[in-house]
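The next block holds one structure in the form of structure tokens; read it before the comments.
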Amino acid sequence: MAARQYPIRVTVNGTEREAEVEARLLLSDFIRHRLGLTGTHVGCEHGVCGACTILHDGVPARACLLFAVQTHGHSIETVESLGTPERLHPLQAAFRACHGLQCGYCTPGILMTMKAFLEQHPDPDEAAIRKALSGNLCRCTGYQNIVAAVSRAAAMAKEGA
Amino acid sequence: MSTRAFGAALPRREDARLLTGRATFVDDIDLPGCLHAAVLRSPFAHARIRSIDAAAALAREGVVAVYTAADLGAVCCPGPLAVPPPPIEGALFHQRTQAPIARDKVRYAGEPVAFVVAESRYVAEDALEDIVVDWEPLPVSADLEAAARPDAPRVHEDLPDNIAARVRQVKGDYAMAVRGAAHVIRRRFTYDHGCSSPIETRGVVAQWDPRADKLTVWDTTQAPVFVRNGLAAALGLGERQVRVVAPFIGGGFGPKIMMFYPEEILVPWAAMQLHRPVKWIEDRAEHFVATTHERGQVHDAEIALGADGRILGVRDEFLHDTGAYDPYGLTVPINSQCTLLGPYAIPHYDSTFCAVFTHKPIVTPYRGAGRQHGVFVIERLLDIAARELSIDRAEIRRRNFIPPDAFPWDNALIYQDFTRLTYDSGQYAKVLDQLLERIGYRDFIDEEQPRLRAQGRHVGIAVVCYVEGTGIGPYEGAKLQVQANGRVSLVTGIGTQGQGHYTSFAQIAADHLGIDIADIEVITGDTDQFYWGAGTFASRGAVVAGNAIDQAARQVRAKALRLAAEIFECAEGDLVLEGGRVSIAGVPSKSMGLGELAQRANPMRGAVAAGSEPGLESTSYFGPPSGSTANGAHAMVIEVDPRTMNVRILRYVVVHDCGVVINPMIVEGQVRGGVAQGIGNAFFEQLVFDSEGQLLNASLADYLLPSSMDVPTIELGHVETPSPLNPLGIKGVGEAGAIPVGPLFAQAIEDALQLPARGVELLEIPLSPSRVWELARGAGPVIATDSPV
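Read top to bottom, the protein sequences are chains A and B. Quick note on numbering: the first sequence equals residues 42 to 202 in the working numbering. Quick note on numbering: the second sequence equals residues 55 to 843 in the working numbering.
Take a look at the structure:
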């Protein structure tokens, strides 16, 4: 017996998408395997590592702790909504300049968390950045260069403003 | 070239793809018609399988196949031994490797029992619950020391006991050292299990093309060439029929080298059976038991010293927990045994280890690969010696350093690479001096600490030293090829897991070819692109592949100049190679781009002269005679909250020496990341097993990785002592940061709480706040009685 499908309509990176999904389909799987947006990574599927963080109506959320059906009528943003390789978003450029990534697997989730954080806190100090970052695990960098990258992005935005 | 790429802190070329979500990781491979697999794992650490009934699973809609050991036939045999034991006289080693699926018996909780393939991962996981296994639980050997006893429940019943290996290595005559000693110290040290926990778990995708008779496998491996060779052997194929691709890998740290994981066989085998692509992605709960662990040793060690604090000898006997199987040979305990000697001149050494089978997940190298344990033992022994002999902690280390003019220094042991453990170069006192200066060691002890203690604060300082054998053989290779568009392709056989190879490898080649690194396309980890190699592990990628790239680039340069000299009818010495062009110096009209030159090297007519080759390319291999020895020293200042025993790191300083540096930004990143892992290892990370071999904390909510609140700013200093063992003079750095953090923590916490004065020593890792609280409590109250506990 085929599992019952539910129609959903969700705005993904500014584009309205429609799909039929099983009730139990995780948002992370929907984004990655149904929409093909593989920039959102899955690290733990129990809401601890933060690798799958996306913006849900502008607020950071763990895609592994949401079902796709819960996004019906809402909007989500993934890392693909930031820059392109040729034209990096200033936050991405700051990560590159500061060596804020190594294997890069946790990076998309960190970028989405920090994008929302900087919008709320345009002039953060190190302690504030570390606190905001503490829900995203990185196993490669030791965080120092991520903190530096976020500081730099904030400073650049301030200069540009 | 006006500016050299080699040695510059250039930003990484791979970052743009990683930052925008466009880098391909294994789970991003999306093949039409792909099936999805899930693994049924044993809930028992030791049990007999009476029967398996998969009928209900097979009947479930969407399930394509359920495989048990019986279905696999000859494929279900014990896997290969990834690393044989070193040729050490008298060494005992029992090889016991894992079959892809347990046949009659399981030996750890998590061992595969059945393999389900279905139309979706969700259905595959549903079907796991349909499978009925009739289990007969058996007695369990979970504790390392208990497992080593002759009457312990046996992991492999064909062996007389659980001893997997016994190796003794001796340098000099320890008994003589003791006879001449003024002071002998003996302690027991323990170092518990942890795991590397990359944020990307493991995964395998396989596609069998029946028309081409070719298997393609995308694998989260650090050693694609070994996997290719092993898969060909296991599946009855020729090596040329198998392509293994290690695309972007989300962290490796050692466990992604292990050959063979069951799924690395099962997924390709199923794809061949079903003629459809199959994907398996490990989930985090599986990762805790299905991916290998590390650490897990108990040392009984003794040090003999002169009254002046000079080490006369060390004796060590240790147990090493290898888990249920030992596919990686003796690499981890050999590293512990060898690295214990550290940067010190130790004339007499007698070390014996027993590797012990337990009913626990398999132990293979994880960043540091056994070195941590050895460093913990010697550094703690020196701390105790310093205290008992009333010598300063830094001073006792300095007194025992191998002097800079004593290299090569022969330690007379056999190392993990089967060569004699010989240090190539180092300036240990210089590293320590710079460290003490940077952290303000004397000022802290003489002024700051007394002042803060007078305020009731519990602050401590610690200093430790270590060496790390890096850059071992056997070899790596590289192929450089100038393409018709003028861009250079640079291919190596090793894989990359975040080390920045796309950048650092290009930096090695760019200066020789007079091109920008942006014009070099680096390809790693694809066995169809480069056939030979070993892999990325043991802090060896940059050293071994790097020197192969250097040689290949020099040869391509020579070919380009030779050909241009023929074309321009001039001497090679008159030519300059820069900006991607070969020109006669001072004659702008006589100039040709590398791309055109490459086309000229591959003519449509005429003959390629005997003894020469078409194209502007070169393949080169490099194998060092033995590993180069990096070293470093770490210091930190901490404050401990005596009520919670929570540790706050006030300062953390590293001074390290990894020889000549290709890209200082990448090197610093490697060191800082290593320290962060070391902090987790020293402080939080402990895999807790009960007496039945059940892992009690198999989630990231219970097995805590350090967060941005736990890892401090890490200050770095460099000393550069080139290695004489390779033309570039480089030494590895990948594991360095992680190695000495354990003893640093122990020393700092002891100092902060003044534990030794109250008869407490910290002789174990990890030292979580609750564990320190328990240990310190045994010695009476740490805090004044008027403070609430």
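A virtual CB, placed ideally from N, CA and C, is assigned to each residue, including glycine. All figures in this text were calculated on a predicted structure; none of them were measured in a lab.
With 16 or more other CB atoms across the displayed protein chains lying within 10 angstroms of its CB, Lys613 of chain B is buried. Where Leu269 of chain B is concerned, the enclosing beta strand (DSSP E) starts and stops at Lys268 to Asp273. When DSSP states are grouped into helix, strand and coil, Phe737 of chain B belongs to the helix group. Interface annotation, Ile170 of chain A: in contact with chain B, CB-CB separation under 9 Å. Contacts between Asp337 of chain B and chain A, judged by CB atoms closer than 8 Å, involve Glu86 in chain order.
Chain B has a Cβ within less than 9 Å of the Cβ of Ile187 of chain A. Beyond the five residues adjoining it in sequence on each side, Arg157 of chain B comes within less than 7 Å, by CB distance, of Ala123 and Cys130 in the same chain, given in chain order. For Glu121 of chain A, the neighbours in chain B by C-beta distance under 9 Å run, in chain order, Thr74, Gly75 and Arg76. In terms of Cβ geometry, Gly681 of chain B and Gln276 of chain B do not form a close pair [threshold 9 Å]. Within the stretch 704–720 of chain B, those residues whose Cβ lies closer than 8 Å to any Cβ of chain A are, in chain order, Met719 and Ile720. At a C-beta separation below 9 Å, Ser175 of chain A has these neighbours in chain B: Ser761, Ser762, Met763 and Asp764. By the neighbour-count criterion, in which 16 or more other beta carbons inside 10 Å mark a residue as buried, Glu61 of chain A falls on the exposed side. Comparing C-alpha distances from Leu816 of chain B to each of B:Ala231, B:Val209, B:Phe243 and B:Ala200 shows the shortest one belongs to B:Phe243. Close to chain A, meaning a Cβ-Cβ distance shorter than 9 Å, is no residue of the stretch 570–593 of chain B at all. Taking a contact to require three or more Cβ pairs closer than 8 Å, the stretch 554–568 of chain B and the stretch 704–722 of chain B qualify as touching. Contact of Ala755 of chain B with chain A by beta-carbon distance below 7 Å involves His87 and Val89.
Listed in chain order, the positions of the stretch 792–824 of chain B with a beta carbon within less than 8 Å of a beta carbon of chain A would be empty, since no residue qualifies. Residue environment analysis places Gly732 of chain B among the buried positions, since at least 16 neighbouring C-beta atoms fall within 10 angstroms of its C-beta.
If you look at Cys408 of chain B, you'll find it in the beta strand (DSSP E) that goes His402 to Phe411. With contacts defined as CB atoms closer than 9 Å, Gln133 of chain A and Leu152 of chain A qualify as a contacting pair.
In the three-state DSSP reduction, Ile319 of chain B falls in the helix class (H, G or I). The three-state reading of DSSP puts Ile155 of chain B in coil, since its state is none of H, G, I, E or B. Looking at the DSSP output, Phe98 of chain B bridges to nothing.
Sequence-distant partners of Pro132 of chain B (beyond 5 residues in either direction) whose C-beta falls short of 6 Å from its own C-beta, in its chain, are Thr151 and Ala153.
Contact between Thr418 of chain B and Thr346 of chain B holds, since their C-beta atoms are separated by about 4 Å, short of 8 Å.
Val191 of chain A and Val521 of chain B have their C-alpha atoms roughly 34 Å apart.
For Asn685 of chain B, there is no enclosing alpha helix (DSSP H); the residue is part of the beta strand (DSSP E) that begins and ends at Ser682 to Val694.
Inclusion of Thr406 of chain B and Glu449 of chain B in the CB contact set at 9 Å is not warranted, their separation being larger than that value. Contacts with chain A at 9 Å (Cβ-Cβ) include Arg726 of chain B. By the C-beta density criterion, Asn656 of chain B is exposed, having fewer than 16 other C-beta atoms within 10 angstroms.
Look at the stretch 138–163 of chain A: the residues with a C-beta under 8 Å from a C-beta of chain B are Ala138, His140, Leu142, Gln143, Cys144, Gly145, Tyr146, Cys147, Thr148, Pro149 and Leu152.
About 5 Å separates the CB atoms of Pro797 of chain B and Arg434 of chain B; that is less than 8 Å, so the two are in contact. Across the structure, Arg421 of chain B and Ser672 of chain B are spaced so that their CA atoms are roughly 33 Å apart.
The count of Cβ pairs closer than 8 Å, one atom from the stretch 250–269 of chain B and one from the stretch 94–108 of chain B, stays below three, leaving the stretches out of contact. Secondary structure at Trp586 of chain B: coil, using DSSP grouped into helix, strand and coil. The residue from B:Pro776, B:Gly727 and B:His210 with its alpha-carbon nearest to that of Ala101 of chain B is B:His210.
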